[in-house]
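Novice:
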C-alpha cells in the first residue's frame, strides 16, 4: 500500500544515537520552503521515536530559523531532562550544508484521566457537508494537501483595495487531503494550517513567515482514534500586529466538539 | 544605590564564551523552587548580553524541566542561527550538580515601525487607586515581590467546599514591589505572574507547576519607557483542563491600554 503523502513527507530514519535523517518533500512546498506544519511534524516524528513508552505530547515549540532549500535534512534529538512523569527533549534540524534551519523543544508526559473541564467556548459548527471547498492556489503545493471549508473569515484576495478584516478571525473545517486518520503528527501539522493573519487583516498576500510556533496537546490517544479521518474545526485569530510581527492564536476542535490542541505563533511581516 | 530585589535575583555574570553564572534568590522563592518568572528573566538576562545590537525580543519559550534547589546556576547561551533581521538563540540552565533544570529558545529581531493594529478587545480597567491590595501568603516569598490588585477572578481559598470558578479567568493590576521601571526582563517575569488556573478553577491549591511557557513581545523600547513604573493590567484564562495538564493564556496591557505581551503555558496538575 502506498504511503499517504503526509507520511512520505515526514519520514525520518534513525542514523546513530540522537540523529535522524529526513528530506524535504515537494508535495508540501510553500512559498520559500516547506510548509511549517511539515517541519514540525518531521521533528515530532523523530522525537517520538525516542520518547519513552507511555509518554504522550504535552507541548512543542518549533522555531523556524531560516528559509530552507529542497534537499536532505538531519535532525538531532536529545533528552534534556527526564523526570518520573515528564520528559523534556531538545531538537535541531540541519540542512544538507550543516546549517541549523529549525530548533524545537518537546514536553511529553505520562498522562492519565483526571478532572476534565472545558473553559473555552466551543464555536458554532455549521455542518461540513453544507459548505464549499476552498479552491487551492496552484502556486502553493501544500494547499492541495488539505481540504479547507471556510465558515467565516475566508481569505479574499480579490477584495477591493483597502478592504480589511480588522478582526482577522477565521473559522473553518479542515482535513488532510486525501483523508488520513488523525495522530500526533498530523495534529501538530494542523496547528500551522491557518493562513497568516496579516493576509486576512489586509486581504492581500505579503512577505511574511512564522518564526516560532508553540502547539499544546489536550487530546488522549482515544480522542485521536475517535476523530479518525473526520474533519477538524479550526479557529484562528490574532491579538496584535506591531513592529513587523504579529501573534497568531489557534484552536483545533474534534468533529464531536472536543478541544484537541491550541497553538500560538509569532510571525514576521514586511509592510 | 542598592539593587532592586529583581535585579539582584536575575544577576548573570559572563564566564567565558557562551557561559554565564547565576544564583537562585530566596526573595523570589516559590513552593518547590524559584518563581518561574525569575527563571525566565535570568535566562533572558544572559541571552540579551549576547544579543546583537539593535535586536529586540520577539518570542521566548522557557521549559521548566525539574524542581530546583537553592544554589549556583550555570547558563549556556548559543546562537542557533542568525539572519539579517531575525536571530535565534538556544539556552540551557544547569544546577550546581550539572543537571539541566531549564531550557529556552529566544527569537530577537530588528523591529521597526510598521502598520500597527490591535485585534484583541482591551479589557475594562477600573482605576488602580480604587482597588485593594491582595494580602500575600507568607508561605510564598515571591508573592511579596509583586503588588496584586484583583479586578475579577481573585483566588478564594477560603471559599465553601466545591465552589468552583468554571471560567478560570482573572483580571488584575500588577506591579513589581517595590516599583521598578519596566524592561524586557521584568516583562517576561510578569508573563508568569498569574496564579495557576487550576487553583482558580477549584478555589484550592493543588500540586501543580508550569512545564513550558511562551512569551510574545509586542512592545517597543519607547512603549516600555512610557510605561515606566506604572502598574500593568493583566488578564489570564485557560482553554481546557485535561489529563493532568491545562493551558494558561495571558495578556499584559500597559497602563495606557497597549498590549505589551501575550503568553501561554502548559501546566501540570495532580488531582
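Residue numbers (this note's numbering), protein chains in the order written: chain A, 1 to 271; chain B, 272 to 542. From the three backbone atoms N, C-alpha and C, an ideal C-beta is built for every residue, glycine too.
1. At a CB-CB cut-off below 9 Å, which residues of chain B make contact with residue 252 of chain A?
2. So with CB distances below 9 Å, who are the chain A contacts of residue 290 of chain B?
3. Going by the DSSP bridge assignment, what does residue 417 of chain B pair with across the sheet?
4. Given that residue 83 of chain A touches chain B, what residues does it touch there, using C-beta distances under 8 Å?
5. Taking the beta strand (DSSP E) that residue 57 of chain A falls in, what are its first and last residues?
6. What distance in whole Å lies between the Cβ atoms of residue 536 of chain B and residue 519 of chain B, which are believed to be in contact at a cut-off of 8 Å?
7. Taking Cβ to Cβ, would you say residue 293 of chain B is nearer than 8 Å to residue 322 of chain B?
8. Taking any Cβ of chain A, which residues in the stretch 503-514 of chain B have a Cβ under 8 Å from it, in chain order?
9. For a contact meaning CB atoms closer than 8 Å, what does residue 170 of chain A contact in chain B?
10. Just checking residue 156 of chain A against the ligand ATP - is the residue's beta carbon closer than 7 Å to any of the ligand's heavy atoms?
11. Is any beta-carbon of chain B found at less than 8 Å from that of residue 39 of chain A?
12. Going by CA-CA distance only, name the one from A/89, A/70 and A/71 that's closest to residue 79 of chain A.
13. May I ask you to report which of helix, strand or coil DSSP gives residue 151 of chain A?
14. Exposed or buried, what is residue 8 of chain A when buried is set at 16 or more other beta-carbons lying within 10 Å of its beta-carbon?
15. Which residue spans inside the stretch 333-366 of chain B form an unbroken beta strand (DSSP E) run of at least 3?
16. Using only alpha-carbon positions, find the residue among B/376, B/427 and B/318 that is nearest to residue 406 of chain B.
17. Note the first and the last residue of the continuous alpha helix (DSSP H) segment covering residue 235 of chain A.
18. Do we get a CB-CB distance below 8 Å when we pair residue 211 of chain A with the residues of chain B?
19. How about residue 171 of chain A and residue 122 of chain A: do their beta carbons lie closer than 8 Å?
20. The alpha helix (DSSP H) that contains residue 186 of chain A, what's its start and end?
21. Below 8 Å, how does it come out for the stretch 366-378 of chain B and the stretch 326-336 of chain B: are there three or more Cβ pairs, yes or no?
22. Out of B/310, B/320 and B/276, state which residue places its alpha-carbon closest to the alpha-carbon of residue 286 of chain B.
23. Chain B beta carbons: is any one of them nearer than 8 Å to that of residue 216 of chain A?
24. Leaving out five residues before and five after residue 300 of chain B in sequence, what residues of the same chain have Cβ atoms less than 8 Å from its Cβ?
25. How is the beta strand (DSSP E) around residue 247 of chain A delimited, first residue to last?
26. Answer with buried or exposed for residue 207 of chain A, where buried requires no fewer than 16 other C-beta atoms within 10 angstroms of its C-beta.
27. Quick check on residue 272 of chain B: buried or exposed, where buried means 16 or more other Cβ atoms within 10 Å of its Cβ?
28. Can you give me the C-alpha to C-alpha distance between residue 145 of chain A and residue 331 of chain B, rounded to a whole angstrom?
29. Would you say residue 259 of chain A lies against chain B (beta-carbon separation less than 8 Å)?
30. Note down, in chain order, every chain B residue with its Cβ under 7 Å from the Cβ of residue 178 of chain A.
31. Roughly how many angstroms lie between the CA atoms of residue 486 of chain B and residue 404 of chain B, to the nearest whole one?
32. Compute the distance between the beta-carbons of residue 343 of chain B and residue 367 of chain B, then report whether it is under 8 Å.
33. Given a cut-off of 8 Å, decide if residue 521 of chain B and residue 505 of chain B are closer than it, judged by their beta-carbon atoms.
34. Quick check on DSSP: helix, strand or coil for residue 320 of chain B?
35. Does DSSP put residue 207 of chain A in a helix, a strand or coil?
Specialist: Concretely, from the data shown:
1. Counting from one through the first chain, the residue named residue 252 of chain A turns up at place 252. Neighbours of residue 252 of chain A on chain B: none; closest Cβ ~11 Å, over 9 Å.
2. In the second chain, the residue the question calls residue 290 of chain B occupies position 19. Here the premise fails: no neighbours, minimum Cβ distance about 17 Å.
3. In the second chain, counting from the first residue as 1, residue 417 of chain B sits at position 146. Bridge partners of residue 417 of chain B: B/447.
4. Looking up residue 83 of chain A in the first chain gives position 83. By Cβ distance, chain B contributes 336 and 337.
5. Translated into the one-based positions of the first chain, residue 57 of chain A becomes position 57. Taken as a continuous stretch (DSSP letters only), the beta strand (DSSP E) holding residue 57 of chain A covers 56-64.
6. As a working mapping, residue 519 of chain B is identified with position 248 in the second chain. As a working mapping, residue 536 of chain B is identified with position 265 in the second chain. Their Cβ separation, rounded to whole angstroms, is 4 Å, which keeps residue 519 of chain B and residue 536 of chain B in contact under 8 Å.
7. Taking the first residue of the second chain as position 1, residue 293 of chain B is located at position 22. Taking the first residue of the second chain as position 1, residue 322 of chain B is located at position 51. No, they are not a contact pair.
8. 508, 509, 510, 511, 512, 513 and 514
9. Numbered from 1 along the first chain, position 170 holds the residue referred to as residue 170 of chain A. Within chain B, no residue comes near residue 170 of chain A; the closest Cβ sits about 12 Å away, beyond 8 Å.
10. The ligand ATP is not part of the structure shown, which contains no ligands of any sort.
11. As a first step, residue 39 of chain A must be located in the first chain, where it is residue number 39. Not one chain B Cβ lies under 8 Å of residue 39 of chain A.
12. Here residue 79 of chain A is taken as the residue at index 79 of the first chain, counted from 1. Considering only alpha carbons, the answer is A/89.
13. For this step, residue 151 of chain A is matched to residue 151 along the first chain. Correct three-state label for residue 151 of chain A: strand.
14. For this step, residue 8 of chain A is matched to residue 8 along the first chain. By the neighbour-count rule (16 or more Cβ atoms within 10 Å), residue 8 of chain A is not buried but exposed.
15. 343-353 and 357-366
16. For the purposes of this step, residue 406 of chain B is identified with residue 135 of the second chain, where counting begins at 1. Here the closest residue by C-alpha is B/427.
17. Position 235 of the first chain, counting from 1, holds the residue named residue 235 of chain A. From DSSP, residue 235 of chain A is part of no alpha helix (DSSP H) but of the beta strand (DSSP E) over 232-237.
18. Walking along the first chain from the start, residue 211 of chain A turns up at place 211. Interface residue, yes.
19. On the first chain, position 171 is the one that residue 171 of chain A refers to. On the first chain, position 122 is the one that residue 122 of chain A refers to. It is not a contact, given that the beta carbons lie outside the stated cut-off.
20. Along the first chain, one-based indexing puts residue 186 of chain A at 186. Per DSSP, residue 186 of chain A belongs to the alpha helix (DSSP H) from 184-190.
21. yes
22. Taking the first residue of the second chain as 1, we reach residue 286 of chain B at position 15. Among B/310, B/320 and B/276, the Cα nearest to that of residue 286 of chain B is on B/320.
23. Residue 216 of chain A sits at position 216 when you count from the first residue of the first chain. It does: the Cβ of residue 216 of chain A has a partner Cβ on chain B nearer than 8 Å.
24. Looking up residue 300 of chain B in the second chain gives position 29. For residue 300 of chain B, where only same-chain residues beyond five positions count, the Cβ hits under 8 Å are 306, 341, 411, 412 and 413.
25. Position 247 of the first chain, counted from the first residue, corresponds to residue 247 of chain A. Per DSSP, residue 247 of chain A belongs to the beta strand (DSSP E) from 245-253.
26. On the first chain, residue 207 of chain A is found 207 positions in, with the first residue counted as 1. Exposed.
27. Stepping through the second chain from its first residue, residue 272 of chain B is reached at position 1. So residue 272 of chain B ends up on the exposed side.
28. Residue mapping note: residue 145 of chain A aligns to position 145 of the first chain, counting from 1. Residue mapping note: residue 331 of chain B aligns to position 60 of the second chain, counting from 1. Approximately 31 Å, taken between the alpha carbons.
29. Residue numbering aside, residue 259 of chain A sits at position 259 when the first chain is read from its first letter. Yes, its Cβ sits closer than 8 Å to a Cβ of chain B.
30. Locating residue 178 of chain A in the first chain gives position 178, where the first residue counts as 1. None at all; the shortest Cβ gap to chain B is about 30 Å.
31. Translated into positions along the second chain, residue 486 of chain B becomes position 215. Translated into positions along the second chain, residue 404 of chain B becomes position 133. Their Cα atoms are separated by approximately 26 Å.
32. Numbered from its first residue, the second chain carries residue 343 of chain B at position 72. Numbered from its first residue, the second chain carries residue 367 of chain B at position 96. The answer is yes: Cβ separation under 8 Å.
33. Reading the second chain from its first residue, position 234 is the one you call residue 505 of chain B. Reading the second chain from its first residue, position 250 is the one you call residue 521 of chain B. Yes; because the gap between Cβ atoms is below 8 Å, this pair is in contact.
34. For the purposes of this step, residue 320 of chain B is identified with residue 49 of the second chain, where counting begins at 1. Helix, per DSSP.
35. As a working mapping, residue 207 of chain A is identified with position 207 in the first chain. If DSSP states are grouped into helix, strand and coil, residue 207 of chain A belongs with coil.
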